[in-house]
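For reference, the structure discussed in these notes is given below.
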Amino acid sequence: MNAFVKNYGFSLLLLAGVAIGIACGMIFGPAVSVVAPVGEFFLNLLFTMVVPMVFFSVASSICKMSSEGTAGKTIFRVFIVFLAMALVAGVVTYLFVRLFNPASEFKADSAIAGLTAGTSIGNGSFAQNLVYSFTVSDFSDMFSKSRLLPLIVFAVLVGFATSATKSVKMAEFLEQGTDVTMKMMSYVMFLAPLGLGCYSADMVASLGSRLITGFARSFVLFYVIAAVIFFVLHSVYILVLEGPHALKTYWKHILPPSITAFATTSSAAAIPGNIEAAVKMGVKRQIAESAIPLGTAIHKDGSMASGVLKIAFLAAIAGQSITGVPAAFEVLGIALLSGVVMGAVPGGAGTGEILICTMLGLDPRLSGLVIVIGTLVDMPATIVNSSSNVVSAIIVNHLDGGRLD
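With the working numbering, the residue at position 344 of the sequence shown is 346, and numbering never jumps.
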């Protein structure tokens with residue numbers, strides 16, 4: 003019981019706050035707007051923390067990897083596998099949300115018109131969008147929650163430069179800055195059940211039962227998507243690469259670490275089990291010990307899938323279309339970047355969601371809606387994140403000439 007409370011207590015408390023907020027919004031209607039400032043207070047605190055947290059976390063992480071040699075020796079070896087698997091998971095999810103968009107009843111709504119004044123997905127020059135997304139024209143413009151990608155590019159350069167110059171004091175500053183901002187974020191998240199509860203109450207009062215229906219559909223749809231990726235897609239990878247004999251070996255060893263990921267809602271907690279499972283399957287230990295920990299940080303198939311779902315949800319609310327090849331590429335690109343951000347920022351609750359909003363041209367305050375969705379789908383997303391790292395190690399092992407037992 004104590005372990006259950008430890009692993010799920012905060013998530014359950016958060017969901018309880020949201021549920022109470024939804025109930026109040028339905029019962030009291032527009033009168034519930036009196037609590038809206040409480041939700042805005044929480045979101046503003048969250049937004050304030052995003053910039054320093056992203057900078058310190060990303061810069062410190064890159065500095066450590068570069069110093070240990072993993073940036074050159076490991077990242078480039080497995081990056082293509084990580085990227086390909088994430089894109090496949092994203093495409094699978096995209097096809098599902100095209101068929102069953104959980105927010106299909108929404109159109110651009112006058113109740114939130116002021117928050118959805120962005121450009122449509124897939125519009126504009128690709129080169130212009132790329133330049134605008136990754137760069138700013140002035141140093142001060144980078145330190146804004148609306149420009150997280152330029153900040154990440156800057157943080158990566160700082161991390162590599164710190165390692166290259168062997169600046170011990172700077173490296174310590176980045177590491178200590180990460181610790182401090184993570185602790186500050188934990189303080190802010192204490193307010194999450196109350197803050198998101200008040201936020202949900204106000205949004206439900208504005209959008210009505212459609213929002214509740216959208217949350218419920220998102221919950222059910224993502225569990226179906228996660229099951230398809232975990233059971234079907236991963237089995238296809240093993241079957242195509244290693245043959246039928248390897249499929250039995252894979253499923254014999256993958257379940258224990260997957261159960262660990264489910265029980266702890268942490269793919270990091272499953273790292274030791276995933277490494278041992280991969281080795282027992284026949285993956286070379288040096289590959290398992292490099293690909294799996296690295297994948298836990300930057301390879302997030304579950305987060306990629308949930309990112310596509312969140313984008314589809316927000317796009318429906320904003321009246322934006324996700325049909326067509328340009329829009330599909332943009333959806334996958336934004337989801338991939340948001341997954342990397344969430345992986346690079348441990349404990350960075352809401353960071354990926356804020357990035358999604360800003361890249362869609364929407365007000366970051368709408369991130370509260372998809373933070374709720376992220377909480378609802380956290381468990382299946384974690385299992386997919388965890389198991390996909392083992393599959394990636396198997397693929398890298400296969401490319402290296404290895405075979406499963």
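Here a beta-carbon is modelled for each residue, glycine too, at the ideal position from N, C-alpha and C.
Since the structure is predicted, the reported quantities are computational estimates derived from the model, not experimental observations.
Alpha carbon to alpha carbon, how far is residue j from residue i? Give it in angstroms, no decimals.
| i | j | result |
| --- | --- | --- |
| A320 | I336 | 16 Å |
| S208 | S188 | 30 Å |
| N46 | T353 | 13 Å |
| D380 | M28 | 25 Å |
| G376 | S13 | 11 Å |
| F57 | K185 | 15 Å |
| P274 | T251 | 18 Å |
| R149 | S135 | 7 Å |
| F221 | S169 | 47 Å |
| R219 | S142 | 41 Å |
| G11 | L17 | 10 Å |
| V160 | E291 | 27 Å |
| A73 | A38 | At A73, the pLDDT of 47 sits below 50, so the modelled position is not reliable; the number obtained from the coordinates is stated separately. Going from the Cα of A73 to the Cα of A38 covers about 45 Å. |
| I22 | V238 | 42 Å |
| K282 | D407 | 8 Å |
| L223 | K171 | 48 Å |
| V93 | G326 | 13 Å |
| L15 | T267 | 15 Å |
| W253 | V234 | 12 Å |
Would you mind sorting residue i into buried or exposed? The rule is 16 or more other CB atoms within 10 Å of its CB.
| i | result |
| --- | --- |
| S165 | buried |
| M361 | buried |
| P104 | buried |
| S211 | exposed |
| S340 | buried |
| D402 | exposed |
| D204 | buried |
| L311 | buried |
| S63 | buried |
| R287 | exposed |
| P32 | exposed |
| L48 | buried |
For residue i versus residue j, is the C-beta spacing smaller than 9 Å?
| i | j | result |
| --- | --- | --- |
| I385 | E244 | no |
| A293 | V83 | yes |
| V20 | S202 | yes |
| A228 | G309 | no |
| V52 | A157 | no |
| H301 | S389 | no |
| N399 | A248 | no |
| T137 | P152 | yes |
| F217 | V40 | no |
| I240 | A307 | no |
| V80 | G297 | yes |
| T183 | P54 | yes |
| L176 | C26 | no |
Taking the alpha helix (DSSP H) that residue i falls in, what are its first and last residues?
| i | result |
| --- | --- |
| S165 | L150 to A166 |
| H236 | H236 to E244 |
| H400 | D380 to L401 |
| N276 | I273 to M283 |
| S292 | R287 to I300 |
| D365 | Note, D365: premise wrong, no alpha helix (DSSP H); not H, not E. |
| S220 | S211 to A229 |
| K429 | It is not possible to answer for residue 429, since the shown part of the chain is limited to 3 through 407. |
| T183 | V170 to M191 |
| I313 | D303 to A320 |
Throw me the rounded Cβ distance for the residue i and residue j pair, which I believe falls under 8 Å.
| i | j | result |
| --- | --- | --- |
| F44 | A194 | 7 Å |
| G284 | R100 | That pair is no contact at about 38 Å. |
| I358 | I313 | 6 Å |
| I214 | I24 | 6 Å |
| T262 | A272 | 5 Å |
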